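Number of protein chains: 2
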Amino acid sequence: MLQTKGYAAQTVESDLAPWNFERRDVGPKDVHIEILFCGVCHSDLHQIKNDWFPGIFPMVPGHEIVGRVVRTGSDVKKFKKGELAGVGCLVDSCRICENCKQGLEQYCLNGSVATYNGRAKDGSPTYGGYSNQIVVHEDFVLHISEKLPLSAVAPLLCAGITTYSPLRFWKVGKGHKLAVLGLGGLGHMAVKFGVAFGAEVTVLSTSPSKEKDAKALGAHKFVVTTDSKQVAAVKGTFNFILDTVSAKHDMSFYLSLLATNGIHICVGAPPEPHLIPAFALMGGRKSVSGSGIGGLPETQEMLDYCADNNIVSDIEIIDIKYIQKAYERMVRGDVHYRFVIDMATL
Amino acid sequence: MLQTKGYAAQTVESDLAPWNFERRDVGPKDVHIEILFCGVCHSDLHQIKNDWFPGIFPMVPGHEIVGRVVRTGSDVKKFKKGELAGVGCLVDSCRICENCKQGLEQYCLNGSVATYNGRAKDGSPTYGGYSNQIVVHEDFVLHISEKLPLSAVAPLLCAGITTYSPLRFWKVGKGHKLAVLGLGGLGHMAVKFGVAFGAEVTVLSTSPSKEKDAKALGAHKFVVTTDSKQVAAVKGTFNFILDTVSAKHDMSFYLSLLATNGIHICVGAPPEPHLIPAFALMGGRKSVSGSGIGGLPETQEMLDYCADNNIVSDIEIIDIKYIQKAYERMVRGDVHYRFVIDMATL
Numbered sequence: 000m001l002q003t004k005g006y007a008a009q010t011v012e013s014d015l016a017p018w019n020f021e022r023r024d025v026g027p028k029d030v031h032i033e034i035l036f037c038g039v040c041h042s043d044l045h046q047i048k049n050d051w052f053p054g055i056f057p058m059v060p061g062h063e064i065v066g067r068v069v070r071t072g073s074d075v076k077k078f079k080k081g082e083l084a085g086v087g088c089l090v091d092s093c094r095i096c097e098n099c100k101q102g103l104e105q106y107c108l109n110g111s112v113a114t115y116n117g118r119a120k121d122g123s124p125t126y127g128g129y130s131n132q133i134v135v136h137e138d139f140v141l142h143i144s145e146k147l148p149l150s151a152v153a154p155l156l157c158a159g160i161t162t163y164s165p166l167r168f169w170k171v172g173k174g175h176k177l178a179v180l181g182l183g184g185l186g187h188m189a190v191k192f193g194v195a196f197g198a199e200v201t202v203l204s205t206s207p208s209k210e211k212d213a214k215a216l217g218a219h220k221f222v223v224t225t226d227s228k229q230v231a232a233v234k235g236t237f238n239f240i241l242d243t244v245s246a247k248h249d250m251s252f253y254l255s256l257l258a259t260n261g262i263h264i265c266v267g268a269p270p271e272p273h274l275i276p277a278f279a280l281m282g283g284r285k286s287v288s289g290s291g292i293g294g295l296p297e298t299q300e301m302l303d304y305c306a307d308n309n310i311v312s313d314i315e316i317i318d319i320k321y322i323q324k325a326y327e328r329m330v331r332g333d334v335h336y337r338f339v340i341d342m343a344t345l
Numbered sequence: 000m001l002q003t004k005g006y007a008a009q010t011v012e013s014d015l016a017p018w019n020f021e022r023r024d025v026g027p028k029d030v031h032i033e034i035l036f037c038g039v040c041h042s043d044l045h046q047i048k049n050d051w052f053p054g055i056f057p058m059v060p061g062h063e064i065v066g067r068v069v070r071t072g073s074d075v076k077k078f079k080k081g082e083l084a085g086v087g088c089l090v091d092s093c094r095i096c097e098n099c100k101q102g103l104e105q106y107c108l109n110g111s112v113a114t115y116n117g118r119a120k121d122g123s124p125t126y127g128g129y130s131n132q133i134v135v136h137e138d139f140v141l142h143i144s145e146k147l148p149l150s151a152v153a154p155l156l157c158a159g160i161t162t163y164s165p166l167r168f169w170k171v172g173k174g175h176k177l178a179v180l181g182l183g184g185l186g187h188m189a190v191k192f193g194v195a196f197g198a199e200v201t202v203l204s205t206s207p208s209k210e211k212d213a214k215a216l217g218a219h220k221f222v223v224t225t226d227s228k229q230v231a232a233v234k235g236t237f238n239f240i241l242d243t244v245s246a247k248h249d250m251s252f253y254l255s256l257l258a259t260n261g262i263h264i265c266v267g268a269p270p271e272p273h274l275i276p277a278f279a280l281m282g283g284r285k286s287v288s289g290s291g292i293g294g295l296p297e298t299q300e301m302l303d304y305c306a307d308n309n310i311v312s313d314i315e316i317i318d319i320k321y322i323q324k325a326y327e328r329m330v331r332g333d334v335h336y337r338f339v340i341d342m343a344t345l
């Protein structure tokens, strides 16, 4: 077993604190990665706090993992020692269902294995990237280009793919008006991808102060949703709204901003169900859809696209001892736009 | 002005009763139709009772109208005296917006004119098909084949197009599993179209007694949604659910029956908003969509398709004096599957 250092929440009541634990030995198809950086996702906090479902404790969060291969199992073909490597939200899946066969491991019909707060096929808990090393089957390890700043690549593994995947699935691009709702970790990546794909991108926000940031990210337009004049000008105009907000919000309002045949795509999940009047959908053949992360082939495609197009996340690198403070700032939206832990500080 | 006989609700409190009123004289582009049959839609009752919005009274309901042309305006090109003709839910629209130009008059951005309980462009109220004649601009009049039984064609003008349109828009057909929720006026047409388009059609119902009816309509399968064993067998299997129910129902349950990328299409509108958890959409890239009736070109296409494929509604012809009784039976689902008023009884 591999003696591993990390940060864990011992219970749902606890703050994160140093914790030593064991990872499995490197199997024939495993890649052993020294973790260099790990992004801090809002879902890390949701899971530590059991916001969505009862978690497995102690919990080592982190699913935006980048690092360097230190060892490969005897049968590993895709990776070599010394290469950069990444791990996202998944470390395994059934691999035999219809979805897995299509590279849609995120929708594995038998349940994929989450990078942390999940259970491997042998029933043992999974531990995430707030740690110095990880061992993952090569099929769930991604290639990372040496071209991009590694720390800023980390958030692509969750925030990146979560926004890239729906924009690709619904073929968002030239000729489309895309609104991005929420300008956080996911939202800022949605703006970057939307712009890169050729859509006209509008950021919707309650805070006029975010306009400068939105434009700096490449957004073409900015609408303050509490300004009735600005709102009137965009009623019925968006082909897509990419909704990254995980707090309660008024779906009828946002549906009124969609054009005929428009699609509101949820990638953030508020704890309460959305309230959606059927008439708000029927009067313009509108849809409310959802999308979850992305499969392994698409995640690799996204990483390659980012390397080719020089796209990374805007980040603030932190010492792991700063993590509780970082969570506090994340909750109040005080981050541009993703905290990334420098694992050298562990 | 044309002296017209009909049945109207004088107020939201009143039953329907005979009422004489005037229709406009036949203008150069108008078609004057003697109404022979008019279907009874659940929305007739919703509107008389102000269930959705405050209505315009006296109200003459009816938007599933078939009859014979008795006169045409001097500039009418599409119709001749003596031909069969139909009128659906719309009698006008702005004709200049992006949607109208595409034949999507049902989504007219400036507001289409409903066949009844609406206001014409001059502000005068519109009166529907529970009457002996109607005058409509030729662009909103449909050609009806002599091949099919006329009374059974009437419901195609609303129940037919409302189900045909989304099945065509989402290209439902061979290789798809389609579930139909609700086996009433809309639902029974959804089964017929779904089967005709080549989908595998399953009727979802709480009533085991409806299985025979569903199969008689052509449905391949029938699932009693209160039977956990039957439900377990269809979890995650449907590519589409066509939801014709206008009473409250549990969307999370139905979303769990959708396959990955599945679409739940609402054509019925419950008075309360649907409760839809984002996670129920994200875990399988699912969508909840809505669709409203259809545009004029598509309605004609549907009528022609029905003539070519011998598709009509299953109906019970009634005397107009039976209308209140018919409403009572409609509310308790005691109709197979549409009442149609024989206007000779007026």
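Chains A and B, in that order, are what the protein sequence lines are.
Take 0 as the starting number for the first sequence in numbering that gives the first Met the number 0 and just add one per residue.
Take 0 as the starting number for the second sequence in numbering that gives the first Met the number 0 and just add one per residue.
Each residue gets a CB set at the ideal place from its N, CA and C atoms; glycine is no exception.
Model, not experiment: these values are computed from the prediction.
So that I know if they touch, is there some Cβ in chain A lying closer than 8 Å to that of B:N98?
Against the second sequence, residue 98 of chain B aligns to sequence position 99. Yes, B:N98 counts as interfacial toward chain A.
Residues of chain B with a CB under 9 Å from the CB of A:Y253: which are they?
Indexing the first sequence from 1 puts residue 253 of chain A at position 254. What A:Y253 touches in chain B: nothing, since even the nearest Cβ is about 13 Å away.
Rounding to the nearest angstrom, what Cα-Cα distance links A:I143 and A:L280 in this structure?
Sequence index remark: in the first sequence, residue 143 of chain A carries index 144 (1-based). Sequence index remark: in the first sequence, residue 280 of chain A carries index 281 (1-based). In a straight line, the C-alpha of A:I143 is about 41 Å away from that of A:L280.
I need the boundaries of the beta strand (DSSP E) containing B:D242, first residue and last residue.
Counting from one through the second sequence, the residue named residue 242 of chain B turns up at place 243. Note, B:D242: beta strand (DSSP E), 237-242.
Which value, in whole angstroms, describes the spacing of the CA atoms of B:L295 and B:E104?
Locating residue 295 of chain B in the second sequence gives position 296, where the first residue counts as 1. Locating residue 104 of chain B in the second sequence gives position 105, where the first residue counts as 1. Cα to Cα, B:L295 sits roughly 7 Å from B:E104.
Under a CB-based cut-off of 8 Å, is A:L274 close to chain B?
One-based indexing of the first sequence puts residue 274 of chain A at position 275. It does; some Cβ of chain B falls within 8 Å.
Using only the alpha-carbon positions, how far apart do A:L180 and A:C88 sit?
Here residue 180 of chain A refers to the residue found at position 181 when the first sequence is read from its first residue. Here residue 88 of chain A refers to the residue found at position 89 when the first sequence is read from its first residue. Their backbone Cα atoms lie some 23 Å apart in a straight line.
For the beta strand (DSSP E) that contains B:N308, what are its first and last residues?
Here residue 308 of chain B is taken as the residue at index 309 of the second sequence, counted from 1. Taken as a continuous stretch (DSSP letters only), B:N308 belongs to no beta strand (DSSP E), being part of the alpha helix (DSSP H) at 295-308.
In whole angstroms, give me the CA-to-CA distance for A:V350 and A:F221.
The shown model of chain A, from 0 to 345, leaves out residue 350 of chain A, and the question about it has no answer.
In whole angstroms, what separates the C-alpha of B:A8 from that of A:S208?
Here residue 8 of chain B corresponds to residue number 9 of the second sequence, with the count starting at 1. Here residue 208 of chain A corresponds to residue number 209 of the first sequence, with the count starting at 1. B:A8 and A:S208: Cα-Cα distance of roughly 54 Å.
Quick check on A:L280 - is its C-beta less than 8 Å from some C-beta in chain B?
Within the first sequence, residue 280 of chain A is the residue found at index 281, counting from 1. At least one chain B Cβ lies under 8 Å of A:L280.
From the DSSP output, which residues share a beta bridge with A:Q2?
The residue given as residue 2 of chain A occupies position 3 in the first sequence. BP columns for A:Q2 point to A:E21.
Per DSSP, which one or two residues make a beta bridge with A:K346?
Limits of chain A in this structure are 0 at one end and 345 at the other, which puts residue 346 of chain A out of reach.
Could you tell me which residues DSSP puts in a beta bridge with B:E271?
Taking the first residue of the second sequence as 1, we reach residue 271 of chain B at position 272. Paired residue(s): none; B:E271 is not in a bridge.
Among B:M250, B:T236, B:G235, which one has its Cα closest to the Cα of B:D242?
Position 243 of the second sequence, counted from the start, is the residue given in the question as residue 242 of chain B. Ranking B:M250, B:T236, B:G235 by Cα distance to B:D242 puts B:M250 first.
Can you tell which of A:F192, A:L44, A:V152 has the C-alpha that lies nearest to the C-alpha of A:E12?
Residue 12 of chain A sits at position 13 when you count from the first residue of the first sequence. That would be A:L44, whose Cα lies nearest to the Cα of A:E12.
Just to make sure I have the definition right: I need the residues of chain B whose C-beta is within less than 8 Å of the C-beta of A:K285. Which are they?
Here residue 285 of chain A corresponds to residue number 286 of the first sequence, with the count starting at 1. Those are S288, G289, listed as they occur along chain B.
Quick test of your reading: A:L256 and A:V233, contact by CB under 8 Å. State the CB separation rounded to the nearest angstrom.
Numbered from its first residue, the first sequence carries residue 256 of chain A at position 257. Numbered from its first residue, the first sequence carries residue 233 of chain A at position 234. That belief holds up - the Cβ atoms of A:L256 and A:V233 are roughly 6 Å apart, short of 8 Å.
I want to see whether chain B comes within less than 8 Å of A:C88, judged by CB atoms only; does it?
If you number the first sequence from 1, residue 88 of chain A lands on position 89. Chain B, which has no Cβ nearer than 8 Å to the Cβ of A:C88, makes this no.
Taking only runs that begin and end inside the segment 96-155 of chain A, name each unbroken beta strand (DSSP E) of 3 or more residues, in chain order.
Listed in chain order, the complete beta strand (DSSP E) runs (minimum 3 residues) inside the segment 96-155 of chain A are 132-136.
Do B:E327 and B:G102 have their C-beta atoms within less than 8 Å of each other?
Taking the first residue of the second sequence as 1, we reach residue 327 of chain B at position 328. Taking the first residue of the second sequence as 1, we reach residue 102 of chain B at position 103. Contact: no.
What does the alpha-carbon distance come out to for the pair A:K285 and A:S123?
Along the first sequence, one-based indexing puts residue 285 of chain A at 286. Along the first sequence, one-based indexing puts residue 123 of chain A at 124. Going by the C-alpha atoms only, they are around 43 Å apart.
Could you list which residues in chain B have their beta carbon closer than 8 Å to that of A:A268, in chain order?
As a first step, residue 268 of chain A must be located in the first sequence, where it is residue number 269. Per Cβ cutoff of 8 Å: P276, A277, F278, M281.
At what residues does the beta strand (DSSP E) containing A:K173 begin and finish?
As a position in the first sequence, residue 173 of chain A is number 174, starting the count at 1. Premise fails: A:K173 is in no beta strand (DSSP E) and is neither H nor E.
Near B:A258, what residues of its chain come up, given a Cβ to Cβ distance below 8 Å and the 5 sequence neighbours on each side ignored?
Taking the second sequence and counting its residues from 1, one reaches residue 258 of chain B at position 259. Cβ neighbours of B:A258 beyond the five flanking positions: K176, G235, T236, F237, N238, G283.
Given A:G197, which residues of its chain have a CB within under 6 Å of its CB, disregarding the five upstream and five downstream residues?
Within the first sequence, numbered from 1, the residue matching residue 197 of chain A stands at position 198. Cβ neighbours of A:G197 beyond the five flanking positions: G172, K173.
Give the residues from the segment 99-118 of chain A that approach chain B closer than 8 Å (Cβ to any Cβ), ordered along the chain.
Cβ contacts with chain B come from L103, Y106, L108.
Can at least three beta-carbon pairs, one atom from the segment 19-36 of chain A and one from the segment 65-77 of chain A, be found at a separation below 8 Å?
Verdict: yes, contact present.
Could you check the C-alpha separation between A:L108 and B:N98 for me, to the nearest Å?
Position 109 of the first sequence holds residue 108 of chain A. Position 99 of the second sequence holds residue 98 of chain B. If I take the Cα positions, the gap works out to 40 Å.
Mind the definition here: the segment 76-84 of chain B touches the segment 259-278 of chain B only if three or more C-beta pairs lie below 8 Å; say whether that holds.
They do not touch, by the three-pair rule.
In whole angstroms, what separates the C-alpha of A:N309 from that of A:E33?
As a first step, residue 309 of chain A is located in the first sequence; it is residue number 310 there, counting from the start. As a first step, residue 33 of chain A is located in the first sequence; it is residue number 34 there, counting from the start. Roughly 24 Å separates the two Cα atoms.
I'd like the span of the alpha helix (DSSP H) that includes B:S255, first residue to last.
Indexing the second sequence from 1 puts residue 255 of chain B at position 256. Per DSSP, B:S255 belongs to the alpha helix (DSSP H) from 250-256.
May I have the straight-line CA-CA distance separating A:E63 from A:G261, to the nearest angstrom?
In the first sequence, residue 63 of chain A corresponds to position 64, counting from 1. In the first sequence, residue 261 of chain A corresponds to position 262, counting from 1. For A:E63 and A:G261, the distance between alpha carbons rounds to 31 Å.
On the premise that B:I314 lies in contact with B:V339, defined as a C-beta separation below 8 Å, what is that separation, rounded to the nearest angstrom?
Against the second sequence, residue 339 of chain B aligns to sequence position 340. Against the second sequence, residue 314 of chain B aligns to sequence position 315. Yes, they are in contact, since the Cβ atoms of B:V339 and B:I314 sit about 5 Å apart, within 8 Å.
Does the beta carbon of B:C93 sit closer than 8 Å to a beta carbon anywhere in chain A?
For this step, residue 93 of chain B is matched to residue 94 along the second sequence. It does not: the Cβ of B:C93 has no partner Cβ on chain A nearer than 8 Å.
Exposed or buried, what is B:D333 when buried is set at 16 or more other beta-carbons lying within 10 Å of its beta-carbon?
Here residue 333 of chain B refers to the residue found at position 334 when the second sequence is read from its first residue. Looking at its Cβ environment, which holds fewer than 16 other Cβ atoms inside 10 Å, B:D333 is exposed.
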